[in-house]
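Undergrad: Line order of the protein sequences matches chains A, B, C and D. Last residue of the first sequence: 489 (our numbering), numbering continuous. Last residue of the second sequence: 489 (our numbering), numbering continuous. Last residue of the third sequence: 464 (our numbering), numbering continuous. Last residue of the fourth sequence: 464 (our numbering), numbering continuous. Backbone N, C-alpha and C define an ideal beta-carbon position, used for all residues, glycine too. Just so it is clear, the structure is predicted and the values come from calculations on it, not from any experiment.
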Amino acid sequence: MMVDRIIFEDSQSGRSNSHQWPKQKADCDLPPSFLRTTPPSLPEVSELEVVRHYTLLSQKNYSVDTQFYPLGSCTMKYNPRACNTLAMLPGFLSRHPLEPIETGQGVLASLYELQEMLAQVSGMAAVSLSPMAGAQGEFAGVAMIKAYHQHNGDVERVEMLVPDAAHGTNPATATLCGFRVREIDTDKNGDLDLASLKAAVGPQTAGLMLTNPSTLGVFERQIEKVVAIVHAAGGLLYYDGANLNAITGRTRPGDMGFDAIHINVHKTFATPHGGGGPGAGPVGVSERLKPFLPTPIVACDRSRQNKKYHWLYVNDCPKSIGQLSAFMGNIGVLLRAYVYLRMLGGPGMRRVADYATLNANYLLARLSAAGFSVAFPNRMASHEFILTLKPEADNYNVTALDFAKRLLDYGFYAPTIYFPMLVPECMLIEPTETESKGELDRFVDAMVAIRNEAIHNPRMVKDAPHNIPLAGVGVGRLDETQAARKPDLIWNKE
Amino acid sequence: MMVDRIIFEDSQSGRSNSHQWPKQKADCDLPPSFLRTTPPSLPEVSELEVVRHYTLLSQKNYSVDTQFYPLGSCTMKYNPRACNTLAMLPGFLSRHPLEPIETGQGVLASLYELQEMLAQVSGMAAVSLSPMAGAQGEFAGVAMIKAYHQHNGDVERVEMLVPDAAHGTNPATATLCGFRVREIDTDKNGDLDLASLKAAVGPQTAGLMLTNPSTLGVFERQIEKVVAIVHAAGGLLYYDGANLNAITGRTRPGDMGFDAIHINVHKTFATPHGGGGPGAGPVGVSERLKPFLPTPIVACDRSRQNKKYHWLYVNDCPKSIGQLSAFMGNIGVLLRAYVYLRMLGGPGMRRVADYATLNANYLLARLSAAGFSVAFPNRMASHEFILTLKPEADNYNVTALDFAKRLLDYGFYAPTIYFPMLVPECMLIEPTETESKGELDRFVDAMVAIRNEAIHNPRMVKDAPHNIPLAGVGVGRLDETQAARKPDLIWNKE
Amino acid sequence: MPFIPHTTQDVEAMLATIGVSALDDLFCEIPANLRCDPPKLLPALNEMEITRLMAQRSAQDGGMLGFLGAGAYDHHIPAAVWEITTRGEYYSAYTPYQAEASQGTLQVIYEFQSMIAGLTAMEVSNASLYDGASGAAEAVLMAVRCSRKKTACIAIPATVNPRTIATIRTLISQQGIELLEIACTAQNGRIDPATLAQYNAKDILALLIPQPNYFGLLEDVDLLTDWAHAQGALVVGIVNPLALGILKPPGEWGSQGADIACGEGQPLGIPLSSGGPYFGFFACKKQWLRQLPGRIVGRTQDREGKRGFVLTMQAREQHIRRSKATSNICTNQGLMTVAATIYMAIMGPTGLANVAYACHDNSRKLLEQLTAIPGVERLHSGHYFHEFVVKLDRDVAKVLEELLAVGIVGGLALADNCMLVCVTETKTQADLDSYKAALADIMLRSDS
Amino acid sequence: MPFIPHTTQDVEAMLATIGVSALDDLFCEIPANLRCDPPKLLPALNEMEITRLMAQRSAQDGGMLGFLGAGAYDHHIPAAVWEITTRGEYYSAYTPYQAEASQGTLQVIYEFQSMIAGLTAMEVSNASLYDGASGAAEAVLMAVRCSRKKTACIAIPATVNPRTIATIRTLISQQGIELLEIACTAQNGRIDPATLAQYNAKDILALLIPQPNYFGLLEDVDLLTDWAHAQGALVVGIVNPLALGILKPPGEWGSQGADIACGEGQPLGIPLSSGGPYFGFFACKKQWLRQLPGRIVGRTQDREGKRGFVLTMQAREQHIRRSKATSNICTNQGLMTVAATIYMAIMGPTGLANVAYACHDNSRKLLEQLTAIPGVERLHSGHYFHEFVVKLDRDVAKVLEELLAVGIVGGLALADNCMLVCVTETKTQADLDSYKAALADIMLRSDS
Ligand SMILES: Cc1ncc(COP(=O)(O)O)c(C=O)c1O
Ligand SMILES: Cc1ncc(COP(=O)(O)O)c(C=O)c1O
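#1: If you measure from each residue's Cβ to the nearest non-hydrogen atom of ligand 2, which ones come out under 7 Å, in chain order?
#2: State yes or no: is the beta carbon of M(-4) (chain B) nearer than 8 Å to at least one beta carbon in chain D?
#3: Under a three-way DSSP split, which group does L481 (chain C) fall into?
#4: Drop a sphere of 10 angstroms on the beta-carbon of R480 (chain A), count the other beta-carbons inside from all chains shown, and report buried for 16 or more, exposed for fewer.
#5: Let me confirm a value: G292 (chain C) is counted as buried when at least 16 other C-beta atoms fall within 10 Å, else exposed. Which label applies?
#6: In terms of DSSP beta bridges, what is K407 (chain C) paired with?
#7: Would A466 (chain B) and K55 (chain B) be called neighbours here (beta carbons separated by less than 8 Å)?
#8: According to DSSP, is M(-4) (chain A) part of a helix, a strand, or is it coil?
#9: How should C421 (chain A) be labelled, buried or exposed, when 16 other C-beta atoms within 10 angstroms of its C-beta is the threshold for buried?
#10: Can you find a CB in chain D that lies within less than 8 Å of the CB of A95 (chain C)?
#11: Indicate whether P464 (chain A) and V137 (chain B) have their beta-carbon atoms separated by less than 8 Å.
#12: Using a C-beta to C-beta distance shorter than 8 Å, which residues of chain C count as neighbours of R103 (chain D)?
#13: Quick check: the Cα distance between T353 (chain C) and H162 (chain A), rounded to an integer number of angstroms?
#14: Would V278 (chain B) count as contacting chain C if we go by Cβ distances under 8 Å?
#15: Give a yes or no on whether the C-beta atoms belonging to R152 (chain A) and H144 (chain A) are separated by under 8 Å.
#16: Would you list the one or two residues that DSSP bridges to D318 (chain C)?
#17: My output table needs one value for C375 (chain C): the three-state DSSP class, helix, strand or coil.
#18: Can you check the region 202 to 230 of chain C for any alpha helix (DSSP H) of at least 4 residues that lies completely inside it and give the ranges in chain order?
#19: In angstroms, rounded to a whole number, what distance separates the CA positions of S289 (chain C) and V328 (chain B)?
#20: A441 (chain B) and G279 (chain B) - do their beta-carbons sit closer together than 8 Å?
#21: According to DSSP, simplified to helix, strand and coil, what is F295 (chain C)?
#22: M155 (chain A) lies in the alpha helix (DSSP H); which residues open and close that run?
#23: Could you check whether E428 (chain A) and I20 (chain D) sit closer than 8 Å to each other, using their CB atoms as the reference points?
#24: On the DSSP bridge assignment, give the partners of M139 (chain A) in chain order.
#25: From the beta carbon of Y304 (chain A), is the nearest beta carbon of chain B less than 8 Å away?
#26: For C438 (chain C), which option in C:H402, C:G423, C:A456, C:V415 has the closest C-alpha, if you only look at C-alpha atoms?
#27: Assuming contact is defined by CB atoms lying nearer than 8 Å, are G364 (chain D) and G279 (chain D) in contact in what I supplied?
#28: For H451 (chain B), count neighbouring Cβ atoms within 10 angstroms of its own Cβ and tell me buried if that reaches 16, exposed if not.
#29: Taking just the CA atoms, how far does A332 (chain B) sit from E39 (chain B)?
#30: Can you tell me which of B:A265, B:R283, B:P208, B:P482 puts its alpha carbon nearest to the alpha carbon of F380 (chain B)?
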């Protein structure tokens, strides 16, 4: 009876929100050759229709603000509302990026302090905030490693080592930086296979990209050996900071011996994911990579009475790998991270790791006790852990995907599935520190209930979702194959 | 499987959002006799739990921002988002009501201009913004009428005339002001019964409360005669401005001869209803009632170079009926109305009435053509109109209430039902000017579909709602009788 | 067109369906001589223009270091409160008449009622009244309805906020209810129990008790409550809800507790906003339930037994009972109660107590600092919450003006060169120091 | 605890379930010598304190009358845009991997893609890249993937924003792609078609065409496009999306249209924010679909045939294709595209055109006013959109400093005492007059 419309379907020629338009009737002196002959295909809808449409659409999302969202590797924690409110204060929003520093001392002070605090938390010598997400942070880090080798005339180092369990951005970044990717195996306990590593390193090794705890949800216990092996071979170590939420205030990548690190502030530092972005991916480096940091960087002139903050650009950092965006990255996101970090302080940073780890291990213990198979049963979980639903798949023909879809019916977003691909029918579960024991218990109940369904009423699970408790017209399981085979990517009047 | 919890059910002793608390550990010197011995029963929940709970709850409302809301008499039009954003600017929010006028020239200027503009739109000599809703505006108006008579020594005027179709606040207000209420009949075309009026007026008549167009959705055609009769009897005329949306820029209560009027800014001037309030109910008066206006009122000192705005308090207006609240009413709401009015201007005011009336008459014509019975078929609708579903009730045993509940399933809020009580099985429908023809057409389709259901599958209608497209656990028709018989008004641990 | 979605074609099609030829025709029933031109208002601005204008006006306003209280209080409001409260689904909904499509608002109000009941230790609460002052007037009218007494004599202490008294006067004066002032000396600042006996003869119907009172002082609520009840009078507590984080709640005053508790809800997460919108909260003993003014939400169930919420006890209200309703109120302050509910949920019992303690603590510190200045002394003795009165040895209005010149709103001028000063948890030690320094400077510079 | 819901009892019960006795035990696998103390950071602030700090810092910043452009533009943003965009359901959701519970974000992106396609007259679009500059770098990399040429020579006019060029350099330099600068004289400010022939020999793989270019001037896009296609090169249009309200869209340039269109999305409803977050939009001809970087949303259906949306063509992306992906991008600028979609929906085709006209109109007015001042003259001739370059007869840095002192950010200093000035629809005639008056005053006072 009801249809959720596409905004273009509400469009009607000649409708106008003229109160949003400039008043002037401008005559245009531009020759027709520069001008478009037909107006762009945009919808013509009233402001109310816009508000209603996009408000209703928002209600068709699960989100941290509305549901438990245990998406492994993504650290879907609470995004404090104050961070949003304060980052959107008018003085911050209205300033043009090229304005003189005199009109930006407020924002610059905040960014400078953020740089310093992130260096502290990660144990690195210096930080640049400019990368706009984790993957761009990776790019910056790997490009710095390349620049370092080149600077040393070490041009034969053309290979980047990446564990097989690594996040896809790691190998993709290595390629983007012109490296050949070489995969390193994982052993059966989830640690890096040292034999495989030793076999791989050599004079061609530029470095190793690693996240620790790894994407398998366990801490790399031999990290010191790993670092020693790569360093001995002349390679550098890159730390993928996506999993920092597991260790803040407990251990530091810098102390482990990493040379470069990116930090996903949209994970550990509670900035929102926004349905896909924006995030920010500050990079931290050890002393030897400092000259190569991407610009701009905030500096503080302490010589004066009052501190004065200013930018360092490429001219100030001649060895820099350069700038990564037109201006200075995702400042509004960084401001949110700054507010968050200021509210937590040092002890708060440790609490993050402590309670994230507590929640993960508790959930693991309960699910394991409930009979689910744990990928690395002999390991302490980090901030996340992996179940394998292979027994369920084998016995009841109900897959991790089916479980995931059915969880949606129960009002939970699904954990990450089929990543890392190493573990069959895997579910990577990350509760984060901001969820309560009560919520975790309800999740366990749902998992148990679904397994019971899988046994007694498998269609219920295989055909899920049935009735996601969201507003509007609910959809059942969507056909992704058709979407890819016959791409319908933009609206066309039918 | 899912339950929507009450916030207290998530509470757990010892949980804290300490980042929201002052840091100081205060020792308290107050003697125990002044202090509470047990902490107040408030929930102990995390900030995320609060955000999630109240975000989810919000999704369980229909609202103008999400649904067509044709609630008669309530003028559920689009509340422009700019009004909210601008009324919540920090300078406005942070100012204490008792601060000197020097720190409030911005807000005072806006309120002064609003007073002037509302006087213009209504055709009254002066306006006070202080009443906090329509009913309090009524109180102010009726109290002024009483004060006027008393001032004239006319103390025998103890009766207030109110049409039988009037909104409940009218007779309730008359009582609150110490008047006896006398009802006046409506004739079969929806006009006031002049015979009944003539029979009722006399030396005991303090005045008549009227809304025009009336709550029956039609314009009182004999308004001039009505005014003349009451005035001739020595009574004054009060205009209930709840229906002003029908006539702005087309005709003015002041020109009709009314002595006092309230204006529901939360109707005609697009301020939000907030799920029940706050609104604001400015009162306008003719010259003779001016001295009695409630305080405070904004005045402008034009003698200086720059205009300077200040408050007039009771001391400045010795005949005033006094103040209606501790400070100055719902200023934040009035600021929203100001922004709205400034965006419309005079021509925009007329457009409001024009398109509100167009929408109502169009919807009336379509529903009538579709076979629904119109209460006053020979009349032009104002901004609203009445259907009677008596034929449907008689023929299919499906009531206006059933239709209303079933409309919810179709994604529409229901029109006002059973008011005015004059018309059996009535539905008072007010589309407002901000809805599109497409939305009205869809509403007609739904009404027709429901009547078909009433014919072929009456249970579907009588048992509605079945599946309101809202988030979370949907409820079916709620038992209001039980609620009133065994009141459960506050949460108790079970 | 601003906020109107109609295209020219729409208008033509719609007029044709109606069977008229022009918009003008829709107004044919309005007598010709009453028709008017569009009003001449200030010129219409587009959103860009009004945004700029309001930004300028807002920048003009506020921004002071403020020590004003007197019924409205500056508290920290968590960002989450208004980010959620202004969501369209709360903001743009109506009074929840269609319960099934309004469970959001209804459940929030149910929770609000529960929290207010918890805070005041009363049995039932309504869904809000306009503000604290008009709510107190409703309490008076309700007391009259509840009492079996024939008189209509309401005792109101001189320590009640004068703005509340003025509002009560306006709202009840139409009905011949008498307000009997319970005097107190300026020196004392609180009701002196010793003076109560003189009112025994007055056949008082209800006694209003402010806690804290207008001067910030704590009344002896137990004694006053018991005295009133001994007279057969009802007790109406007018309380600061934030102070109830630590103060004895009205439901526990004396041996039986107050009958009605009401007050200004603004301290619970509502911005100062030059005076509104705020909200009045209102609670009472269950026995008076049917005399409550305003809306009430109750819990019930649907046919399948699922829990749900509805407006209830509507037979008290104007839309049903009309001229016999308990009040004429219709629109209340709904959205403010959403904010207050979120505020209370975030703060919790301990948070609220901490805020109250901090307010009290800060005001003690400031009082000590200010009275260390020659020419400044405290007027009263006795315990206070977060407001106090100091007396200056010179023109208080002039001193306040000079403070304003350095960005400080020092307090509210009272008679006899006194001023009422309030300190909340928002003030830091540095703020207190600035105030002290500025005042000391002024007192030093100017003649007494 | 801040943002942690655990009570002491919870912790005990949970540790017991896990089978350890203390939180410390959870970190037993970390080698002892690597464990650290909590970092020493600035002291923790509560929300009240950080709110005050950030309010102060915000009050310090911005607030100028600004005439800066150069890649970021000050436009009116309807209030509805950010009130809706920051709703928790958009704000706090992840990339919509579970499509059925993410239809909100997915449908918005589908509509976004449709609008970008409409604006650029291209056939497909993605779900955003980080910003305009990094998006241009992705366009270069994509062109290399699309082209059958063996060379990797990309022609980039000197009229492209130098910040874009620098970013492209950073991002592509790792792969040995050569950037060939198409020169232009300072005088000219646009690519001179007459000079193109000299590049015929270079076997160019792609030509980047900025419209408007860095100096605000309009390039002869038809001729450039046709020339590039004649060389067998691909054409990448780098366009201002707001200007496309009136300017010829890349899809219609020359006889075949550009192959890829990209640009900075900020003008579409994104606040200036000192530089970010913004977003890069990206569109291309359908034939290159499989080489697109970034996420793409497609329409599909569920088993009952109900319409729905999913992430699609994921075989291009890093999480599937890993080292062979079209890009390493994962997190993009999703929320910014929500804002841009709402912005475009509110403005509509006519609104966007009106904004573009007003920008152009205002810049013409200001240029006229400024060049009436002795010592100020326009550097270029030729048509421009909403930016232009003026040359001063004295030190431009000093002049800009003096303008700043009166609250005006006059423009961006370029070489040779030139400055790049931008005017958008946000400036009133009074603003233009203030600028003119201030500049005239400075030029009069100071020596050339
Ligand atoms: C382990 C890991 N590494 C890298 C990334 C990439 O970060 P981003 O999405 O911010 O580019 C992610 C994000 O999903 C991740 O989980
Ligand atoms: C006709 C009429 N009169 C008066 C009122 C009372 O106005 P308020 O709710 O603002 O007190 C209303 C509101 O519902 C109404 O519709």
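TA: According to the structure shown:
#1: B:S68, B:C69, B:A128, B:G129, B:A130, B:Q131, B:E133, B:H162, B:T164, B:N165, B:T206, B:T210, B:D235, B:A237, B:N238, B:N259, B:H261, B:G274, B:G276, C:I345, C:C346, C:T347
#2: Along the second sequence, one-based indexing puts residue -4 (chain B) at 1. Since pLDDT at M(-4) (chain B) reaches only 43, below the 50 mark, its modelled position is unreliable, and no value is offered.
#3: Only positions 17 to 464 of chain C appear in the structure, and residue 481 (chain C) is not among them; the question remains open.
#4: Taking the first residue of the first sequence as position 1, residue 480 (chain A) is located at position 485. It counts as exposed.
#5: Counting from one through the third sequence, the residue named residue 292 (chain C) turns up at place 276. Buried.
#6: For this step, residue 407 (chain C) is matched to residue 391 along the third sequence. Paired residue(s): C:E393, C:C434.
#7: For the purposes of this step, residue 466 (chain B) is taken as residue 471 along the second sequence, with counting starting at 1. For the purposes of this step, residue 55 (chain B) is taken as residue 60 along the second sequence, with counting starting at 1. Yes.
#8: In the first sequence, residue -4 (chain A) corresponds to position 1, counting from 1. Low local confidence applies: a pLDDT of 43 at M(-4) (chain A) is under 50, so the model's placement there is unreliable, with the coordinate-based value given in what follows. Coil at M(-4) (chain A), not helix or strand.
#9: Indexing the first sequence from 1 puts residue 421 (chain A) at position 426. That one is buried.
#10: Position 79 of the third sequence, counting from 1, holds the residue named residue 95 (chain C). Yes, A95 (chain C) counts as interfacial toward chain D.
#11: As a first step, residue 464 (chain A) is located in the first sequence; it is residue number 469 there, counting from the start. As a first step, residue 137 (chain B) is located in the second sequence; it is residue number 142 there, counting from the start. Going by C-beta atoms, P464 (chain A) is not nearer than 8 Å to V137 (chain B).
#12: On the fourth sequence, position 87 is the one that residue 103 (chain D) refers to. By Cβ distance, chain C contributes R103.
#13: Counted from its first residue, the third sequence places residue 353 (chain C) at position 337. Counted from its first residue, the first sequence places residue 162 (chain A) at position 167. Looking at the two C-alpha atoms, the distance is approximately 47 Å.
#14: Locating residue 278 (chain B) in the second sequence gives position 283, where the first residue counts as 1. It does not; no Cβ of chain C falls within 8 Å.
#15: Your numbering for residue 152 (chain A) matches position 157 in the first sequence. Your numbering for residue 144 (chain A) matches position 149 in the first sequence. Contact: yes.
#16: Within the third sequence, the letter at position 302 stands for residue 318 (chain C). BP columns for D318 (chain C) point to B:L473.
#17: Walking along the third sequence from the start, residue 375 (chain C) turns up at place 359. Of the three classes helix, strand and coil, the one that applies to C375 (chain C) here is helix, per DSSP.
#18: none
#19: Walking along the third sequence from the start, residue 289 (chain C) turns up at place 273. Walking along the second sequence from the start, residue 328 (chain B) turns up at place 333. Approximately 10 Å between the Cα atoms of the pair.
#20: Numbered from its first residue, the second sequence carries residue 279 (chain B) at position 284. Numbered from its first residue, the second sequence carries residue 441 (chain B) at position 446. Not closer than 8 Å, so no.
#21: Sequence index remark: in the third sequence, residue 295 (chain C) carries index 279 (1-based). Three-state DSSP puts F295 (chain C) in coil, outside helix and strand.
#22: Counting from one through the first sequence, the residue named residue 155 (chain A) turns up at place 160. No alpha helix (DSSP H) holds M155 (chain A); the beta strand (DSSP E) holding it covers 154 to 158.
#23: For this step, residue 20 (chain D) is matched to residue 4 along the fourth sequence. For this step, residue 428 (chain A) is matched to residue 433 along the first sequence. It is a contact, given that the beta carbons lie within the stated cut-off.
#24: As a first step, residue 139 (chain A) must be located in the first sequence, where it is residue number 144. Per DSSP, none; premise fails for M139 (chain A).
#25: Position 309 of the first sequence, counting from 1, holds the residue named residue 304 (chain A). So, not an interface residue.
#26: Position 422 of the third sequence, counted from the first residue, corresponds to residue 438 (chain C). Ranking the options by Cα distance to C438 (chain C), first place goes to C:H402.
#27: Indexing the fourth sequence from 1 puts residue 364 (chain D) at position 348. Indexing the fourth sequence from 1 puts residue 279 (chain D) at position 263. Contact flag unset, no.
#28: Counting from 1 along the second sequence, the entry for residue 451 (chain B) is found at position 456. Exposed.
#29: Along the second sequence, one-based indexing puts residue 39 (chain B) at 44. Along the second sequence, one-based indexing puts residue 332 (chain B) at 337. The straight-line gap from Cα to Cα measures roughly 38 Å.
#30: In the second sequence, residue 380 (chain B) corresponds to position 385, counting from 1. Minimum Cα distance to F380 (chain B) is reached at B:P208.
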